[in-house]
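In my numbering, the protein residues as written are 310 to 596.
Ideal Cβ placement from N, Cα and C applies to all residues, glycine included.
The structure displayed is predicted, hence computed values, not measured ones.
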């Protein structure tokens, strides 16, 4: 693996239970996410097994592995799209057992998807305001009869949507149709919509997919900016190793649904099991 450009200052990672590490700055804070023996079976096939991870309150973490390793399935378990067959997901100190996806989102977990899921015929601002639904503070009657409280909240929603769009300098595109945006801009809009739900943990599923090197570089800078501005944690799945190794503080490697390595970027790049998982066993001289 090539040595990527580093975007964050050197962060000391310290050990915590579950053979995990968190940034030293988060050691005295409650982890934003902890999973214990998390797993799921589909028809007797163990897609994810004994998945244990801890993510610090402001950590940028990576989940990597070969195609089919179970990474997106982990995201679906964390966001309650799938109920786990075994284990627990603890978000900001609360057990999410029995919750559905909407309840988990209100508790503080949001995500983007590998395949963009925007409302293409709606405007950019309308897409963001869908994410702001948790912030609506007026009742049904106020909305139906357009009472003063409705217009006050509408103004706040509009201002908040533009504020969030400004993270990616997209505020001038507020009235554009989402489906008309270039691919990279649609990716950024999906991140803004996820941020609109006011998450404590943001899950990004291949955020750099389809982006050119310049867009990927900007994305790396913006992920760090989001972490610093909102003081939240970010967990990303990504195949672009320059992005992963450039900004992720702790990295977890998945293969065939099981964790095979955890560590810093330097530790992961030098781990023989990780190299084997990506490249396969090298042929012997006699073969």
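- In this structure, the beta-carbon distance from residue 509 to residue 541 falls below 8 Å.
- No Cβ-Cβ contact shorter than 8 Å links residue 411 with residue 566.
- Counting along the chain, the unbroken beta strand (DSSP E) around residue 345 starts and ends at 342-351.
- Counting only the Cα atoms, residue 519 lies some 7 Å from residue 493.
- The alpha-carbon of residue 398 is positioned some 29 Å away from that of residue 436.
- Comparing alpha-carbon positions, the option among 570, 587, 582, 585 lying closest to residue 362 turns out to be 570.
- Residue 324 has 330 as its beta-bridge partners, per DSSP.
- Per the coordinates, the alpha-carbon of residue 322 lies some 9 Å from the alpha-carbon of residue 572.
- If you draw a straight line from the Cα of residue 335 to the Cα of residue 553, it is about 20 Å long.
- Residue range 410-416 is occupied by the alpha helix (DSSP H) that includes residue 413.
- Cβ neighbours of residue 529 within its own chain (closer than 8 Å, five residues either side excluded): 316, 552, 555, 556.
- DSSP places residue 559 within a strand segment (E or B) once states are collapsed to three.
- Judged by their CB atoms, residue 380 and residue 546 are nearer to each other than the 8 Å cut-off.
- Beta bridge pairing from DSSP links residue 564 with 567.
- Taking the Cα of residue 402 as reference, the smallest distance to any Cα among 384, 366, 391, 419 is reached at 366.
- In the DSSP assignment, no residue is bridged to residue 428.
- In this structure, the straight-line span from the alpha carbon of residue 393 to that of residue 512 is close to 18 Å.
- Secondary structure note for residue 364: its beta strand (DSSP E) is the uninterrupted segment 354-364.
- Nearest in C-alpha terms to residue 472, of all of 501, 349, 329, is 501.
- Secondary structure at residue 403: strand, using DSSP grouped into helix, strand and coil.
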